[in-house]
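Asks:
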Amino acid sequence: MKTVRVNLPVNGYNIFIDRDFLSRIGEILSKEVKVKPCRALIITDRNAGGIFGDVVTDSLLRHNFDVRVVSIDPGEGQKTLKTASTFYDACFEHKLDRGSLIVALGGGVIGDISGFVAATFMRGIPFVQVPTTLLAQVDSSVGGKVAVNHPKGKNMIGNFYQPKAVFIDIDTLSTLPKEELIAGLAEVIKYGVIRDRELFEYLENFLPDILHLATSALERIVEASCQIKADIVEKDETEKNLRAVLNYGHTIGHAIESLTHYKEFRHGEAVAIGMLYASQIAIELGMCDNDVFERQLLLIRQLGLSLHSGLRPEDIIRTLYLDKKALDGRLRFILPVSIGEVVISDKVTEEILHRVLHKPL
Ligand code: NAD
Ligand code: GLY
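According to this note's numbering, the sequence shown is numbered sequentially starting from 2.
#1: So, for Gly305: in the same chain, excluding its five sequence neighbours on each side, which residues have a beta-carbon less than 8 Å away from its beta-carbon?
#2: Could you name the residues that DSSP lists as bridge partners for Asp170?
#3: When you compare the CB of Ser259 with every CB in chain D, is at least one pair closer than 8 Å?
#4: How many Å lie between Ala105 and Asp140 at the Cα?
#5: Sorry if obvious, but does the Cβ on Val223 come closer than 7 Å to a heavy atom of ligand 1?
#6: Please classify Arg101: does DSSP put it in a helix, a strand, or coil?
#7: For Arg267, which residues of its own chain have a beta-carbon under 6 Å away from its beta-carbon, when the five flanking residues on both sides are left out?
#8: In whole angstroms, what separates the C-alpha of Ser175 from that of Glu351?
#9: If you scan the stretch 111-190 from start to end, which runs of the alpha helix (DSSP H) of 4 or more residues do you find wholly inside it?
#10: Give me the Cα-Cα distance between Tyr203 and Val149, rounded to the nearest whole angstrom.
#11: Just the Cα atoms here: how many angstroms apart are Asp347 and Glu258?
#12: For Gly275, which of Val223, Pro337, Asp232 has the nearest alpha-carbon?
#13: To the nearest angstrom, how far is it from the Cα of Leu277 to the Cα of Glu240?
#14: In the DSSP output, what is Gly107 paired with across the bridge?
#15: Mind checking who Ser339 pairs with in its DSSP beta bridge?
#16: What first and last residue would you give for the alpha helix (DSSP H) that runs through Lys230?
#17: I'd like to check one pair, Ser60 with Arg99: are the Cβ atoms closer than 8 Å?
#18: Using the C-alpha atoms, what's the distance from Val68 back to Val343?
#19: With hydrogens ignored, establish whether the beta-carbon of Lys146 is closer than 7 Å to any heavy atom of ligand 3.
#20: With a threshold of 7 Å (Cβ to nearest heavy atom), would Arg40 be considered close to ligand 1?
#21: Leaving aside the five residues before and after Leu219 along the sequence, list all residues of the same chain whose C-beta is less than 7 Å from its C-beta, in chain order.
#22: According to DSSP, what are the bridge partners of Ala41?
#23: Name the residue from Thr58, Val56, Ser72 whose alpha carbon lies nearest to the alpha carbon of Thr45.
#24: Going by alpha carbons, who is nearest to Lys179 out of His262, Pro209, Asp197, Asn156?
#25: With hydrogens ignored, establish whether the beta-carbon of Arg244 is closer than 7 Å to any heavy atom of ligand 2.
#26: Can the beta-carbon of Val57 be found closer than 8 Å to that of Glu235?
#27: Could you check whether the Cβ of Asp113 sits closer than 7 Å to any heavy atom belonging to ligand 2?
#28: What residue from Thr4, Glu181, Tyr14, Ile158 has the CA that sits closest to Arg388's CA?
#29: Can you give the Cα-Cα distance for Val272 and His255, rounded to whole angstroms?
#30: Which whole-angstrom value is the C-beta distance of Asp113 and Val147, which I expect to be below 8 Å?
#31: Check whether the stretch 156-169 touches the stretch 119-134, taking contact to mean three or more Cβ pairs, one atom from each stretch, closer than 8 Å.
#32: When you compare only the Cα positions, how much space is there between Leu243 and Ile253?
#33: Taking Lys3 as part of the beta strand (DSSP E), name the residues at either end of that continuous run.
#34: Is it the case that the CB of Lys191 approaches a heavy atom of ligand 1 more closely than 7 Å?
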């Protein structure tokens with residue numbers, strides 16, 4: 002078992018990474034995380050819960066947790082206050098209190114909404130993340146951003162609320178649809194560009210192994226990604242500054258998702274296009290050379306991801322100014338300087354955006 006520590010002044014925690022791990026969650030919770038047997042509510046969706054619900058339930062029961070499961074239909078459309086409210090009902094029905102535990106079993110949708118419910122029920126009860134998509138394993142389960150969506154915007158109702166532990170079972174990726182794996186890989190490319198040239202080179206050299214779910218390759222990229230995210234979150238838990246680098250590719254990516262109503266592109270698919278445009282902007286500003294763009298383009302092409310949003314540049318630019326990451330009407334972009342290094346820039350003008358967005362990738 003590999004362990005990555007998220008060292009925070011209060012509420013630091015471990016990310017445990019292993020194979021064939023779900024059946025040992027009860028044991029690790031008791032022995033390593035020191036959670037005493039208590040009432041536990043597993044929140045999941047019908048896909049993840051249908052495949053992994055029983056093994057996690059049995060593991061917790063064996064360690065004397067009093068377990069209930071609540072399961073919803075999958076999909077981003079569920080990440081609402083209305084669904085959260087049904088989870089509060091389940092918390093009351095199962096008599097959860099501040100000594101109880103919420104277990105988020107699933108992808109980022111389940112992780113975000115379960116964390117939100119844990120953060121708000123009785124002003125906060127403990128929760129753990131059991132991420133079962135690559136995106137959730139390398140990104141959303143780590144760092145404590147919890148949220149639900151609002152008709153006015155995605156993730157607009159939320160907070161920072163850290164889990165007590167994250168349990169990553171690499172084997173859960175074997176049932177994941179290929180498109181979901183690929184969308185998660187876009188976030189791994191992101192980590193390579195922002196912080197880790199070796200990780201990027203590993204992706205360049207071992208992409209076929211990763212796509213064939215070779216365990217050692219998956220472990221390598223999940224651990225490296227979690228380590229990078231942990232390092233950044235430790236330095237800037239509530240995104241005052243540095244944590245914004247995790248949004249590389251997300252500025253334009255979010256605009257693409259928003260304009261297509263979160264229906265046409267998975268998050269990682271939109272981020273991939275966003276990373277390529279951010280690189281083109283950096284080239285326009287003379288901050289990096291073409292090779293930085295070309296290497297990302299090659300990886301993204303190998304993943305078979307679309308390079309075309311089909312959207313009008315004017316619409317993307319208008320939407321960018323509505324993003325919650327725009328500060329005082331000024332756009333903030335994360336731009337690559339080289340593979341492994343990015344900077345936060347507010348120097349991107351509308352004129353540059355027009356130029357870049359009008360050129361096909
Ligand atoms: P998701 O949770 O919708 O999962 C994708 C699909 O895979 C779903 O249909 C799910 O049921 C299914 N699934 C999950 N695990 C499976 C498995 N092992 N086998 C088979 N099917 C499985 O999507 P996602 O990509 O995991 O997460 C996207 C969400 O994450 C978005 O809401 C996004 O806003 C959020 N997010 C949050 C953060 C954060 O820091 N909190 C970061 C990035 C993304
Ligand atoms: N996914 C970006 C962050 O956690 O800050």
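The beta carbon of each residue, even a glycine, is placed where N, CA and C say it ideally should be.
Replies: Checking against the coordinates, here is how it stands:
#1: Ile183.
#2: Asp19.
#3: This model lacks chain D altogether, as it is built from one protein chain only.
#4: Straight across, the Cα-Cα distance linking Ala105 with Asp140 is about 14 Å.
#5: Incorrect: Val223 has no Cβ contact closer than 7 Å to ligand 1.
#6: Correcting the residue identity first, residue 101 is Ser in this sequence and not Arg. Of the three classes helix, strand and coil, the one that applies to Ser101 here is coil, per DSSP.
#7: Cβ-Cβ distances below 6 Å link Arg267 to Ala184 in the same chain, with the five nearest sequence neighbours on each side left out; the list follows chain order.
#8: Going by the C-alpha atoms only, they are around 43 Å apart.
#9: Within the stretch 111-190, no complete alpha helix (DSSP H) run reaches 4 residues.
#10: Whole-angstrom Cα-Cα distance: 34 Å.
#11: C-alpha separation (whole angstroms): 22 Å.
#12: Gly275 has its Cα closest to that of Pro337, out of Val223, Pro337, Asp232.
#13: Rounded to the nearest whole angstrom, the CA to CA distance from Leu277 to Glu240 is 23 Å.
#14: Paired residue(s): Pro132.
#15: For Ser339, which the question treats as bridged, DSSP gives the partners Glu342.
#16: Note, Lys230: alpha helix (DSSP H), 216-236.
#17: Their beta carbons are not under 8 Å apart, which means Arg99 does not touch Ser60 by this criterion.
#18: Going by the C-alpha atoms only, they are around 45 Å apart.
#19: Looking for ligand 3 in the displayed structure turns up nothing; the ligands present are ligand 1 and ligand 2.
#20: Not under cutoff, so the answer is no.
#21: If we look at Leu219 and ignore the five residues flanking it on each side, its Cβ neighbours are Ile171, Leu174, Ile211.
#22: Answer is Val68, Leu102.
#23: Out of Thr58, Val56, Ser72, Ser72 has the C-alpha closest to the C-alpha of Thr45.
#24: Distances from the CA of Lys179 to each of His262, Pro209, Asp197, Asn156 were compared; the closest alpha carbon is that of Pro209.
#25: Ligand 2 approaches Arg244 closely enough that one of its heavy atoms is under 7 Å from the residue's Cβ.
#26: No, they are not a contact pair.
#27: Between ligand 2 and the CB of Asp113, the shortest heavy atom gap is not smaller than 7 Å.
#28: This structure does not reach residue 388, given that the chain is present from 2 up to 362, and the question cannot be answered.
#29: So the alpha carbons of these two residues sit roughly 7 Å apart.
#30: Between Asp113 and Val147 a beta carbon distance of about 6 Å is seen, short of the 8 Å cut, so the two are scored as contacting.
#31: At 8 Å Cβ cutoff, the stretches touch.
#32: Each residue's alpha carbon lies about 19 Å from the other.
#33: In the DSSP assignment, Lys3 falls within the beta strand (DSSP E) that extends over 3-7.
#34: Flag unset: Cβ of Lys191 not near ligand 1.
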